[in-house]
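For reference, the structure discussed in these notes is given below.
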Amino acid sequence: MGKNKRLPNDIVLAALQLVRGQARRKAEYKRQVDEIILGSGADKAEAIQQLETQRDVQIMRAIDAAADEIGADIQSATVRAALQKAIALNCKDCRTWTYERLEVPGISRIEFYRRRRKYLENVAQRVGIG
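The sequence shown begins at 0 in numbering that gives the first Met the number 0 and counts up one residue at a time.
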């Protein structure tokens with residue numbers, strides 16, 4: 000994808016829905032890992048390795064990796080962390096967590112939403128829908 004090319008809105012919205020399902024995906028993954036660890040199966044390492052190949056787990060890992068890349072070009076760790084948290088909250092519920100309610104020092108409204116879209120496009124590409 001070129002520098003100025005944007006993904007279509009429907010793909011970005013699909014990525015947003017995947018991001019919104021991340022909490023459920025993480026809870027299910029934790030439940031399955033706990034089940035494997037506490038279970039009586041002989042080969043727990045193989046069971047966890049098989050769990051890692053599931054599509055939901057791959058989506059979960061892709062979203063986490065894309066989230067870690069938010070603000071990678073920002074030198075200040077506190078600003079980067081604030082931006083990552085703000086984008087996560089905005090993606091979770093964009094009507095409640097608008098830019099105006101979030102405190103992101105040094106990031107304008109336009110820049111915030113540009114970075115949010117870039118994050119969602121990154122998620123779409125990592126997941127394979129964009």
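Backbone N, C-alpha and C fix where the C-beta goes; we use that ideal spot for every residue, glycine too.
Inset, instruction - Could you tell me which of L101, T95, C93 sits nearest to A81, measuring between CA atoms? - result: Taking the Cα of A81 as reference, the smallest distance to any Cα among L101, T95, C93 is reached at L101.
Inset, instruction - Kindly list the residues whose CB is nearer than 8 Å to the CB of L50, restricted to its own chain and excluding five residues on each side of it in sequence; keep chain order. - result: Result list for L50: Y28, Q31, V32, I35, V56, in chain order.
Inset, instruction - With a 10 Å radius around its C-beta and 16 neighbouring C-beta atoms as the bar for buried, classify N8 as buried or exposed. - result: Classification of N8: exposed, given that the 10 Å Cβ count is below 16.
Inset, instruction - Mark Q83 as exposed unless 16 or more other C-beta atoms lie within 10 angstroms of its C-beta, in which case mark it buried. - result: Per the 10 Å Cβ criterion, buried.
Inset, instruction - For my contact list, I10 and A123 are in at a C-beta cut-off of 8 Å; report their separation, rounded to the angstrom. - result: Confirmed, about 5 Å.
Legend entry - Enclosing alpha helix (DSSP H) for Y118 [first to last residue]: Taken as a continuous stretch (DSSP letters only), the alpha helix (DSSP H) holding Y118 covers 108-126.
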